[in-house]
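Residue numbers (our numbering), protein chains in the order written: chain A, 1 to 427; chain B, 1001 to 1427.
Backbone N, C-alpha and C define an ideal beta-carbon position, used for all residues, glycine too.
Everything on this sheet refers to the single structure shown next.
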């Protein structure tokens, strides 16, 4: 058979695997989420900063969890032989920027950002390769006031999304306590300690208690499980343990938030949770999580903590720092599940339907006049039947329609029809 | 000599080469630029969309200029053996998205986006490896009304930045005319035509006329230069040439914009410019540029055009499309040069100075009450001398200061001091 001439294959309309296209309806939701984030952070006096997604790969080799650097980053060599990474998290970038100008910056620093972050993962529900994340951080304050502020800002974000106090709880812990039990009381080395923490972080809340027990005993032996379990489930041990000064500090943080909430007539849902640990190595004290109380979705929605050492990786002194990150995918899912997403705004206030080309210039002028008064105005230039043009406005959810034909163009007298009420008014 | 133990080297605080860190002061300018872009696009009824910076590399091999794909993209192989590119421009992504849902979307589509784009270039003033770009596009209208609308939106952006009509001019052309002269009248092949267009695009306005002449003659011979020169500099030839129906259309576009501007009391600075071509192959008709009239900076600030064929690369019919892109680096430079950047907003409305830890809880409550009324409030938790705390507010440009000591915490009576006027008021 004669070969057919090669035909140009059409390009695929699919996005790259694991990332999202944001059509206007999705973008509007994204914008709503970002707006709540921005408004809340700014109400606490936080300033927005930003940076490129590209960072020197070295930065992530220093202090992230191993798994992230070795298996989950997008790292490549550029045309100038530099090893470059698409940032998997914002905190190292932030620490770099603060360290770079620490002599010029006025502390305390309150900064926020909404970066996109990349992880090479197998895409599945709630896991994508690129997501956006609110990052809120306070630098230069060592005291519990900073810890309380950051947690109360996180709480405020939830409230500003319309969450009720019963919908979630805030869990706090000191990340150094678990490390101490494992290393000092159980004599585990650094590597094993890290692995045990990872298992606790990933599994403790996700699987039933007996499965977790089985897993821990299989992997690390009976002693480890029982010691941890004793510390966290035996009330006497807890009482003894929480006389530790770090728990005193946590209790003070909790008290300060409860006190603050009392005044605003909310009951802040906050509790000490000794099993709480987070996936990153850089936390040095407080860790906290906003935890979904829905029995069908027991999981952390987001979290953060204190990381006083991170800036010193870039040379110079430590700078006390506390902050959190909150992802767009998780919160969007949560808002959808709870029915908390608001209706999105129409793309324009007025839609001008034009009968024929002869009226185009008049339609443009009419639009310009309305825009000058602050309205958003779109013109339909298809010259289809007016009924079809009005349908087109309706499909877009645009509330007001103006029809322009030869008569209107001549007289200049225009009527505005509201598509919801059916009412007509002179413009 | 004994080897010294290896010391951990500090990480560099430099960002990746050729990209920018946005500290809050820079981010505020960026935000101002984005806000003007968004407001203007939305006033014409454009809806925001977005997509990932990651795209399948195939997309750019299809229709961009060669140089971009071969030498200037960030392209790499991911862990799943996919060839992936950091988008160098948004239009192919947009065409992909529109093509993917063309049956569901309601045309005409008015869409805008502010993506970041990547080019591997040698960094220099005005050239960075990552920049942001407003993209405005109108799909589904074949007529000059769409061309006029997009140009008048571009014009409006400039006006909303505070530009005066004398500061810039709008140059329009039909991109197919130059192609026709080169291929039909001069018999040049596709490749050479493309190269000549590139030289015209890059050099015509940047170097003196005699240098340009020398360059053209050296590279492509006397005939090419003289034919082009004849068409564009001999008034009789121009008159003859612009009887072409495409020029008729351009004249109509121009007339419609001039007419529109008359009504808004502006003199729209628009002219036909036959030498105008743009760096991309995909333009099929109208091309336009906003050109800086400053004699020391003769260059295009931004531009766009009509690209009716691009969507069909993804299969199916052509979809008429016209749009433009406007970069943040160029416009920021321009705004700075012209003194048009506004003062940026302070990070908070109130700064609360706290004498000692004992008043921290009261300070937090005061802040919460002010936030509940819509104010942005930051607290200084350093417990430094009050004078130093006030200086810190002043450095940040925060206008109002509240000092809280034991007396204020007890009485609940607070005074607000305005740092600009020196005035004090009860809260």
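In whole angstroms, what is the alpha-carbon distance linking residue i and residue j?
i                       : j                       : result
residue 59 of chain A   : residue 84 of chain A   : 10 Å
residue 418 of chain A  : residue 353 of chain A  : 13 Å
residue 1220 of chain B : residue 73 of chain A   : 48 Å
residue 1020 of chain B : residue 1131 of chain B : 9 Å
residue 9 of chain A    : residue 1315 of chain B : 9 Å
residue 1266 of chain B : residue 1153 of chain B : 14 Å
residue 88 of chain A   : residue 117 of chain A  : 5 Å
residue 86 of chain A   : residue 51 of chain A   : 11 Å
residue 1187 of chain B : residue 1203 of chain B : 22 Å
residue 140 of chain A  : residue 319 of chain A  : 6 Å
residue 1376 of chain B : residue 156 of chain A  : 13 Å
residue 1128 of chain B : residue 1018 of chain B : 5 Å
residue 1079 of chain B : residue 1071 of chain B : 23 Å
residue 2 of chain A    : residue 1090 of chain B : Annotation note: pLDDT 42 at residue 2 of chain A (below 50); position unreliable, coordinate value reported separately. Residue 2 of chain A and residue 1090 of chain B: Cα-Cα distance of roughly 41 Å.
residue 1209 of chain B : residue 1177 of chain B : 21 Å
residue 1390 of chain B : residue 1379 of chain B : 11 Å
residue 1425 of chain B : residue 1351 of chain B : 15 Å
residue 1249 of chain B : residue 341 of chain A  : 46 Å
residue 1408 of chain B : residue 53 of chain A   : 46 Å
residue 1144 of chain B : residue 1253 of chain B : 6 Å
residue 64 of chain A   : residue 381 of chain A  : In this predicted model, residue 64 of chain A has a pLDDT of only 49, less than 50, meaning its place in the structure is not dependable; the value taken from the coordinates is given anyway. C-alpha separation (whole angstroms): 54 Å.
residue 971 of chain B  : residue 1299 of chain B : This structure cannot settle anything about residue 971 of chain B, because the visible part of chain B is limited to 1001 through 1427.
What residues of chain B sit near residue i, judged by a beta carbon separation below 8 Å?
i                      : result
residue 30 of chain A  : 1050
residue 141 of chain A : 1381, 1382
residue 361 of chain A : 1256, 1259, 1260
residue 154 of chain A : What residue 154 of chain A touches in chain B: nothing, since even the nearest Cβ is about 15 Å away.
Using DSSP's beta-bridge definition, name the partner residues of residue i.
i                       : result
residue 132 of chain A  : A/116
residue 1415 of chain B : B/1426
residue 1289 of chain B : B/1171, B/1303
residue 1137 of chain B : B/1111, B/1323
residue 76 of chain A   : A/84
residue 1048 of chain B : B/1112
With H, G and I counted as helix, E and B as strand and the rest as coil, what does DSSP make of residue i?
i                       : result
residue 20 of chain A   : coil
residue 1124 of chain B : strand
residue 1315 of chain B : coil
residue 407 of chain A  : helix
residue 1103 of chain B : coil
residue 97 of chain A   : helix
residue 1271 of chain B : strand
residue 1341 of chain B : coil
residue 1402 of chain B : strand
residue 1056 of chain B : strand
residue 374 of chain A  : coil
residue 1379 of chain B : strand
residue 1351 of chain B : strand
residue 1397 of chain B : coil
residue 147 of chain A  : helix
residue 1043 of chain B : helix
Starting from the beta carbon of residue i, find every residue of chain B whose beta carbon is closer than 7 Å, and list them in chain order.
i                      : result
residue 414 of chain A : Going along chain B, no residue has its Cβ under 7 Å from residue 414 of chain A, so there is no contact; the nearest lies around 15 Å.
residue 315 of chain A : 1010
Under 7 Å between beta-carbons, which chain A residues line up against residue i? List them in chain order, please.
i                       : result
residue 1021 of chain B : 51, 97
residue 1332 of chain B : What residue 1332 of chain B touches in chain A: nothing, since even the nearest Cβ is about 14 Å away.
residue 1408 of chain B : Those within 7 Å of residue 1408 of chain B in chain A number zero; the least Cβ separation is about 16 Å.
Which residues in chain A sit within 9 Å of residue i, going by Cβ to Cβ distance?
i                       : result
residue 1163 of chain B : Under the 9 Å cutoff, chain A gives no residues; its nearest Cβ is about 17 Å from residue 1163 of chain B.
residue 1462 of chain B : An answer regarding residue 1462 of chain B cannot be provided, because it is not within the stretch 1001 to 1427 covered by chain B.
Listing by chain order, which chain A residues have their CB less than 8 Å from the CB of residue i?
i                       : result
residue 1084 of chain B : 16
residue 1377 of chain B : 43, 44, 45
What does residue i touch in chain B if you count any residue whose Cβ is under 9 Å from its own?
i                     : result
residue 74 of chain A : 1054, 1076, 1078, 1079, 1084
query: Between the segment 1157-1164 of chain B and the segment 1331-1340 of chain B, are three or more C-beta pairs nearer than 8 Å?
result: yes
query: Taking Cβ-Cβ distances below 9 Å as the criterion, which residues of the segment 110-123 of chain A are in contact with chain C?
result: Looking for chain C here will not work: the only protein chains present are A and B.
query: Do the segment 1039-1059 of chain B and the segment 1102-1119 of chain B meet, that is, are 3 or more Cβ pairs less than 8 Å apart?
result: yes
message: Would the segment 1196-1203 of chain B count as touching the segment 1305-1312 of chain B if we require 3 or more Cβ pairs under 8 Å?
response: no
- prompt: Are the segment 1321-1330 of chain B and the segment 1365-1377 of chain B touching, with three or more C-beta to C-beta distances below 8 Å?
  reply: no
- prompt: If you pair each beta-carbon of the segment 337-347 of chain A with each one of the segment 11-30 of chain A, do three or more pairs fall below 8 Å?
  reply: yes
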